[in-house]
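Peer 1:
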Amino acid sequence: PVEQGLLVGGLTNQKNRCSMNCVISFNHRNYSTAALLDSGCERNILDQVVVQLLDIPTVQLPSPIKVSSLDGCSLTTITH
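Quick note: the sequence shown uses the working numbering, first residue 593, plus one each step.
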């Protein structure tokens, strides 16, 4: 089940990000990328581009979830 929550981000400087190289594998396809390490994150988040590259099946949510920044600005809507 998908639950509504708070997604926070703001570092634009690559040197300040805590990340590591990783390989995402699905259906005999591999995608090399960097994973952001966030000890406070409560969900696993995967970019739509990676989902498309690896042909990962998605399920449409019964109702979209709006994503907002801390100041209330709308960022995007999650539909799958």
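Note that CB positions come from ideal geometry on N, CA and C, so glycine has one too.
Just to confirm my understanding: we take Asn536, look at its own chain, exclude 5 residues before and 5 after, and list those with CB closer than 6 Å. What are they?
Peer 2: The chain is shown only over 593 to 672; residue 536 falls outside these bounds and no answer can be derived.
Peer 1: Considering only C-alpha positions, which residue in the set Thr625, Gln652 and Ser655 is nearest to Ser611?
Peer 2: Thr625
Peer 1: Quick one: grab the DSSP three-state call for Leu646.
Peer 2: Here Leu646 sits in coil by DSSP.
Peer 1: Return the chain-ordered list of same chain residues with a C-beta closer than 7 Å to the C-beta of Ile648, the five sequence neighbours on each side being excluded.
Peer 2: Result list for Ile648: Phe618, in chain order.
Peer 1: Given Asp663, which residues of its chain have a CB within under 8 Å of its CB, disregarding the five upstream and five downstream residues?
Peer 2: none
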